[in-house]
Structure formats: C-alpha cells, structure tokens
Amino acid sequence: MSTSALAAPAPAATTEDEIIFYDLLCAAPGECWSPHCWKTRMALQYKGVRFRTVWVSYPDIKSVVGHTQPGKDAPTLPVIQHGSTWVADSWQIVQYLEAHFPSPPLLLPSIQSTHFFMCYCDYVLNPAMWQWIVPRVPAFLDERGGEYFVRTREAMLGISLEEAGRGQTIYSLRAPLAPVAKNLKEYGPYIAGKQISYMDIILLGMLQWIDRAEHAAVHTILGMHKSDVGEPIREWYDRVKHLTVAQPEPAESASGR
Ligand SMILES: N[C@@H](CCC(=O)N[C@@H](CS)C(=O)NCC(=O)O)C(=O)O
C-alpha cells in the first residue's frame, strides 16, 4: 500500500483518535456529493471512526491538500489527516482505514476483487454516464466551485458541457449495470455476497452523485433490471441505502474565503 503519509505544512488541529476528512464543498453546506468523497465518508461511518469534515471548494483543493499529491497539477479529494499522517485517494484511504480500524472489515471478500469492482465502476460505469452527468454538476456546486468545474471540464473536452450532454440519457447505464444485477441475483443480498462490503459503498457513491444531479434518475436506474423474479438493483439499494445517512459532526470550512 502506498499511502501519501507526508508531512503537512500546517496541519489542522487533530488528535490520534480523530480523523480530519477533506471533502468537496457544494452549494448545500454540510452535504456530501462527490462519488469518491462519499466512498470515504461511508467507510468512516461504517467503521464508526470519529471524524470531522473540512469542506473545500474546487479551486482551493491545491492550497489545502496539494502537498499530499506532489507533482499533480490538479490534486483531488478525498484526503484524510490522522495525527501527522495524511492519506490521499479514496482507494488508499480505505486501505489505511482497514489497517487502522479493522472492525468491521470492508475489503471483502478480498482486496483484489474489491479493486476489480472499483476499476469496473471507474472505467466502465462512470464513463457510461459521464457525459450525461457533467452538464448537471455546476448547478449544485458552490459558485466558485461551479466556475472552476465549467472552466476545467470545458478545457478538457474542447466543447461546452451542454454540447457534451446533448443526446445523452441515463439509460446508457443499463448494459454496464447488467452484470451487477445478475451477480446480485445469483449471489446477493450484497454485491460481495452475504455481508456489506466496500463494493456496496463504491456503487452507492456513484448513485449518490447521480441523485444529487437528478433525483428521478436514480429511480430510473433502480428499475432498469426489473424481471418477473424481482428488481435486484432496487432491492439491493433498499438494503444498503442507510449507509448514506450522514452522521452529525462538527464541520468547519476551509474555503469560506
Ligand atoms: N482516484 C481518486 C479520484 C478522486 C477525484 O477524482 N476527485 C475529484 C472530485 S470527485 C476531484 O477532487 N477533482 C479535482 C479537480 O478536478 O480539480 C480517488 O478515488 O480519490
């Protein structure tokens, strides 16, 4: 595991038994939206780790946590700080949490299968809906975050976000979700089998992002694999949705500048 255990220039006040979680700000204060940050938030909550959130707007990520990702032009969140240790990237973070807070376990049934599922979501599910979601993101971001998002994504795409989204529908997720539905039907009730695991959290993180963009779209997705024997994705969602209930905690903004 290669955690970014780097010395911080000015660490926020923290203790060995509390984690500081750097999450992405949006227009609704104290509400998580990013799929990757949701993964970390749900993992912290599921493991019962004591943590406090520092909300960071997109344009402030570099100044707040850039030191955890040396050489990266556009560093990313989530990042956590545990005492003097900083860990960047949701995948590194869950491995750190598993090592330091092993119970209840999340990397089930194995780290390799969890990694495979994460890659499936990152390289297949996410790209299948990215052009659908991208024009919907600025509407729920804070003003500075929204400006940053439009500028950087339009530069990346070479076209406007509206053009990128033209003709896209959430039904683009139907085919790539079919293996998940089939697997749930054969081996559920959870994605990894009999127990909740990080795989459930990964997919839930993506659905939380979609929910923030367009609430009705999640319901469309949940019904996509309906058959005469049931609705495996909806039934799974009803079983795991409680993991997304954000726990109350004192919050602090790093970007109220
Ligand atoms: N592989 C990273 C990806 C994280 C990521 O892409 N985060 C986005 C927000 S969802 C970000 O911080 N982007 C910063 C930017 O685009 O400037 C992880 O799993 O943590």
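First residue of the sequence shown: 1, per the UniProt record's numbering; consecutive thereafter. For each residue, glycine too, the CB sits at the ideal point set by N, CA and C.
Three or more C-beta pairs below 8 Å linking the segment 55-71 and the segment 100-111: Under the three-pair Cβ rule at 8 Å, the segment 55-71 does not count as touching the segment 100-111.
Closer than 7 Å: Leu107 CB and nearest ligand 1 heavy atom: In this structure, the C-beta of Leu107 stays at least 7 Å away from each heavy atom of ligand 1.
Alpha-carbon spacing of Arg174 relative to Thr68, whole angstroms: Taking the straight line from one Cα to the other gives about 37 Å.
Stretch-stretch touch, CB-based, cutoff 8 Å, three pairs: the segment 139-154 with the segment 217-232: As far as the Cβ criterion goes, the segment 139-154 does not touch the segment 217-232, which means the pair count is below three.
Proximity test, Cβ basis, 8 Å: Thr152 and chain C: The chain inventory of the structure shown lacks chain C, comprising one protein chain alone.
Segments assigned beta strand (DSSP E), at least 3 residues, entirely inside the segment 53-138: Qualifying beta strand (DSSP E) stretches, in chain order: 79-82, 85-88.
Reduced DSSP category for residue 261 - H, G, I as helix; E, B as strand; rest coil: Examination of residue 261 is not possible in this model, given that the chain is present from 1 through 257 alone.
Distance cut 5 Å, beta-carbon to ligand 1 heavy atom: residue list by chain order: Residue selection by CB proximity (closer than 5 Å to any heavy atom of ligand 1) returns Ser34, His36, Ala74, Thr76, Leu77, Asp89, Ser90 in chain order.
Pair within 8 Å by beta-carbon distance, Tyr198 and Thr76: No. Outside cutoff.
Candidates Ala27, Gly71, Leu97, Tyr237, of which the one nearest Ile196 by Cα: For the residues Ala27, Gly71, Leu97, Tyr237, the minimum Cα distance to Ile196 belongs to Tyr237.
Under the three-state DSSP convention, the category Asp238 falls into: If DSSP states are grouped into helix, strand and coil, Asp238 belongs with the helices.
Tyr190: first and last residue of the uninterrupted beta strand (DSSP E) it sits in: Boundaries for Tyr190: no beta strand (DSSP E) harbours it, and the DSSP string shows neither H nor E there.
Contact check, Trp209 vs Trp33, beta carbons under 8 Å: Their beta carbons are under 8 Å apart, which means Trp209 touches Trp33 by this criterion.
For Leu24, the residue or residues it bridges with in DSSP: For Leu24, which the question treats as bridged, DSSP gives the partners Val56.
Closest by C-alpha distance to Pro189, when choosing among Tyr96, Val124, Pro232, Pro35: Comparing Cα positions, the closest option is Pro232.
Cβ-based burial, Cys119 [other Cβ within 10 Å; buried from 16]: By the neighbour-count rule (16 or more Cβ atoms within 10 Å), Cys119 is not buried but exposed.
Exposure of Lys226, with buried meaning 16 or more beta-carbon neighbours within 10 Å: Its Cβ having fewer than 16 others within 10 Å, Lys226 is exposed.
Coarse secondary structure for Leu243, derived from DSSP in three states: Reduced to three states, the DSSP call for Leu243 is helix.
Spatial distance of Leu243 from Met42 (CA atoms): Those two C-alpha atoms are separated by around 6 Å.
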